[in-house]
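Reviewing the structure listed below.
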Amino acid sequence: MLDFMRKNVKSFGVKLILTVIIGAFVGTIFLVWGMGERGKRDIGNFAAKVDKNYISIARFEQNYNLKKRLYSNIYKEKFTPQMEKEINLRQKVLDELVDRTLVIQQAEKENLSVGDDEVKNRIKSYPSFQKDGVFNAALYKDLLKFNRMSPQQFEEEQRQDLLVEKMSNIIKDQAKASRAEILEEYHQRNEKIKVKFILFDPNKYVEQITPTQEEINTYFSQHRPEYEKAGQRKVKYLFLNIQNLEPGQISAEAVKNYYETHKDKYHRPKQVKASHILLKLTPELPQNKKDEIKNKAKGLLERIRKNEDFAKLAIAFSEDPGSAKMGGDLGYFGPGRMVPAFETAAFSLPVGQVSDLVETPYGYHIIKVFDIREERTAALEEVAESIQFEIKREQSQTAADELADDIYLKLSENTVKWQEVEQRGEWEEVTADFFTQKEGAPGAASDLNFRDVAFKLAGNEISAPVKISGGRAIIQVIEKKEPYLPELAEVKDKVIQDVKKEKALQTAKDTAASALEKFRQGTTFDKLAEGVEVKESDLVNRRGFIREIGVIAKFSQELFTLGQGQVSQPILLEGSPDKKYALFFLAEKQAAEDAKITAEEEGQIHTQLLSVKHEMILQNWLASLRKEAKIEINPRMVN
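Going left to right, the sequence shown walks through residues 624 to 1262 as our numbering numbers them.
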């Protein structure tokens, strides 16, 4: 049931929740969602129109830039222009704005409202508006002013946030999860199998294959687009090095204001430095074996309490591969890093003390605390230097943007010539010889954002300032080489190798199919593959990991539907760079028993099922609203 729902759930519930979460980062990100301007306007001046409600271009661009910054903060350098294209970020942002407008419209139809007290309580709950844990009106107004927003605007946005929450909660309350569904999901998660398997590696056959000219010609004609030679660009660009824009001395008042505005950033929760010794337990162990492990752990604890060296015992006996070789050292960790039982024990111990045996899903732990860092907020004096650095960085970024925008405007208006810019001192003119969008060139042209812009420019067009690592760039294309499809002679060696790999993969599949037929005719699985080792897994669930294969989730359904002693059809393994085929023999199946489900597990599954169902209901409800509404999208916003 849950697997089906996961596959069919789209993004509305997540979007709605994410919107609420983002809204909590007041003082860092101020989202301006809202309904947009009402009344009759030209759709060309708006991002979208939902019935009679407009979403302005300014509102869209603000949310797009904020969401882009959020992704950039999460994924860092991995958030490339290519990734932005793949997730279709502009369309995603516009969909969220349309969705929110639909929800608010429906809430109004249902005569839902949000009182002033609810808005006040919401705003007072934000830590960014609090000083020493209490709401501070002056700080509230200063933060809003800093973000160019009036209290009236912000309070209206909070009112709409609360309205969205009320409406969505009414819809979500329709979700129910029966005990039968909970047990079904419990079985799915806890049923385990042990398999034997044989791998059929195509690499074994590659060098035995000699393709005919006809096979080469046929393969090339069928796959020619895959051999397309990428387009290339030769560009010149003006580079503004941000290091040349170092601001002057930062005042003590500016440092203090930054500290007060970002105080949460310098708060540190309590941390414990601890070591542990772990003796592992697994669910399938018989009780006598568990008792044996527990007695062994008790023996180690007794030796520690007689002052034997904790680190030496950890190296000798701990079964935690990550920490054992370091004497059990886990370093410092804060709340939420460890499983609850472990965390409770570690945070209750004084420095130098050793815990009793602590049982977790991983096994038995013996914990020793070596140091405690109490919860605190760093004093201004401690972080003043780093704040100065951060302010200088922000000022340098702002100065770079302003300088780059100014030069771009003058170039566009032809009030300054390209060659004159370099003479101003801050800018350097550079030429990048032909490069592809995928590979780039040394210098700024290695930057993904730079490449993306360069390949969008028309001939002689000057780009707007491009934010790249280390500064800003203004780009002009000198010459283009368009992509082209090569003739066979140009790529023949690559084609031959690809034909050999394809035929080798088919040979591996045929060999696996032949082995399966032998099994059906009476050959035992262990004797199926001459010269090939038959391997065996541990007991694994549907998301388990098998050495030499990896995670089995993609084909777990095929394995878990096998009967005892049956062999699978040849299964293609695509997790590694080299594809392989495998045959699996079901050696053992361990069913999950209803009687073994704990109240805690049942509660967790119930919560998770409801969460997924909430998303499904919200998605379906919103789809019906979209179907009934008249929605006009400005194509310029998503192209």
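Virtual Cβ for every residue (Gly too), placed ideally from N, Cα, C. Predicted model, so just to flag it, every value in this text is computed and none were measured.
Residue i versus residue j - alpha carbon distance
i     : j     : result
H899  : A1127 : 50 Å
L1232 : D1029 : 55 Å
L654  : A1222 : Legend: pLDDT at L654 = 37, less than 50; position of this residue unreliable, value from coordinates given subsequently. Looking at the two C-alpha atoms, the distance is approximately 40 Å.
Q1018 : N864  : 14 Å
A947  : R891  : 28 Å
I727  : E788  : 10 Å
Q894  : Y698  : 26 Å
G959  : L1003 : 27 Å
L767  : G1048 : 38 Å
E1051 : Q1042 : 10 Å
Y749  : E684  : 25 Å
Q811  : Q797  : 25 Å
G564  : K991  : No answer is possible for residue 564: the residues shown for the chain start at 624 and end at 1262.
F1178 : N734  : 49 Å
S941  : E907  : 20 Å
A1176 : K1202 : 16 Å
E851  : K1103 : 16 Å
A1131 : Q836  : 22 Å
A1026 : I1097 : According to the sequence displayed, residue 1026 carries Leu and not Ala. Looking at the two C-alpha atoms, the distance is approximately 12 Å.
T651  : K1015 : The predicted model places T651 with a pLDDT of 32, which falls under 50 and marks its position as unreliable, so this point remains unresolved.
P944  : N688  : 43 Å
E731  : I710  : 32 Å
Y1031 : K764  : 36 Å
K1236 : Q1129 : 42 Å
A761  : T1038 : 46 Å
Cβ-based neighbour list, residue i, same chain, cut-off 6 Å, excluding 5 preceding and 5 following
i     : result
T703  : L1071
A920  : L902, L980 and Y987
Q1099 : K859 and I1085
V977  : I927 and K991
Q866  : none
Near the ligand ZN: residue i beta-carbon under 7 Å from a heavy atom
i     : result
E1113 : The ligand ZN is not part of this structure, which contains no ligands at all.
Of the residues the options, the one placed nearest residue i, counting alpha carbons only
i     : options                       : result
E1008 : E982, Y889 and Q1020          : Y889
E931  : E733, A853 and G950           : G950
L868  : E907, D1024, A877 and D824    : D1024
V742  : I1098, E779 and G1145         : E779
H885  : E982, R1016, Q811 and V1006   : V1006
K691  : L712, R682 and K701           : L712
F1012 : Q872, L936, T905 and A1001    : Q872
L923  : Y850, L908 and A939           : A939
N1262 : T983, T1021, A1068 and Q714   : Q714
F1183 : I1091, F862 and Q1213         : Q1213
T827  : Q1180, E1216, E1181 and E1125 : The amino acid at residue 827 is misidentified as Thr; the sequence shows Lys. Nearest of Q1180, E1216, E1181 and E1125 to K827, Cα basis: E1125.
F862  : D1121, Q1144, D765 and F1073  : F1073
G1167 : V1155, F1058 and Q1180        : Q1180
Q845  : R1143, V1122 and A730         : V1122
G1094 : G1066, E1105, L785 and V1118  : G1066
I1010 : A877, Q1020 and D1133         : A877
Q831  : Q1120, D952, P984 and D740    : Q1120
Q1242 : G1186, E707, K795 and L762    : K795
N744  : D755, R782 and A800           : R782
Neighbourhood of residue i by C-beta, 8 Å cutoff - its chain only, sequence neighbours within 5 removed
i     : result
L1245 : F635, D722, L725 and V726
R581  : In the structure as shown, the chain starts at 624 and stops at 1262, and residue 581 therefore has no counterpart that could be examined.
I644  : With a pLDDT of 30 at I644, under the threshold of 50, the modelled position of this residue cannot be trusted; read the value that follows with caution. Hits under 8 Å: none found.
Own chain partners of residue i with C-beta closer than 7 Å, once the 5 adjacent residues on each side are dropped
i     : result
K879  : L1003
A1152 : I821 and A1138
K1061 : A853
F777  : L767
E1225 : I805
Q753  : N759
Chain C within 8 Å of residue i, Cβ atoms only
i    : result
I794 : Looking for chain C here will not work: only one protein chain is present.
Margin query: For the pair the stretch 962-972 and the stretch 906-920, tell me if three or more CB-CB distances fall below 8 Å.
Written below: no
Notebook entry, point to check: Taking one C-beta from the stretch 812-830 and one from the stretch 1162-1171 each time, how about it: are there three or more such pairs within less than 8 Å?
Noted result: yes
Next item on the list: Let me know the beta strand (DSSP E) ranges lying completely inside the stretch 1197-1240, each 3 residues or longer, listed in chain order.
Entry: 1203-1213
Note to self: Below 8 Å, how does it come out for the stretch 1071-1082 and the stretch 850-861: are there three or more Cβ pairs, yes or no?
What the structure shows: yes
Item checked: the stretch 1246-1260 / the stretch 673-687 touching (three or more Cβ pairs under 8 Å) -> They touch, by the three-pair rule.
Item checked: Contained alpha helix (DSSP H) runs [length at least 4] in the stretch 881-935, N- to C-terminal order -> 910-928
Note to self: Between the stretch 1178-1192 and the stretch 1204-1219, can you find at least three pairs of beta-carbon atoms closer than 8 Å?
What the structure shows: A contact exists between the stretch 1204-1219 and the stretch 1178-1192.
Note to self: With three or more beta-carbon pairs closer than 8 Å as the criterion, would you say the stretch 982-998 touches the stretch 837-849?
What the structure shows: no
Check: How do the stretch 1081-1092 and the stretch 791-803 stand: do at least 3 beta-carbon pairs fall below 8 Å, yes or no?
Finding: no
Note to self: Which runs of the beta strand (DSSP E) at least 3 residues long sit entirely within the stretch 962-1029? Give them in chain order.
What the structure shows: 981-983 and 986-996
Next item on the list: Can you check the stretch 1031-1064 for any alpha helix (DSSP H) of at least 4 residues that lies completely inside it and give the ranges in chain order?
Entry: 1041-1044
Next item on the list: Decide yes or no for the touch test of the stretch 1100-1116 against the stretch 1037-1047: beta carbon pairs closer than 8 Å, at least 3 of them.
Entry: no
Note to self: I'd like to know if the stretch 707-723 and the stretch 759-778 are in contact, where contact means that at least 3 CB-CB pairs between them fall below 8 Å.
What the structure shows: Verdict: no, contact absent.
Checklist line | Ordered list of alpha helix (DSSP H) runs contained in the stretch 804-865, each at least 4 residues | finding: 836-846
Next item on the list: Counting only runs of 4+ residues fully inside the stretch 746-802, write out the alpha helix (DSSP H) ranges in chain order.
Entry: 760-769 and 774-795
Next item on the list: Would you list, in sequence order, the uninterrupted alpha helix (DSSP H) runs of no fewer than 4 residues that lie entirely inside the stretch 1071-1138?
Entry: 1071-1077
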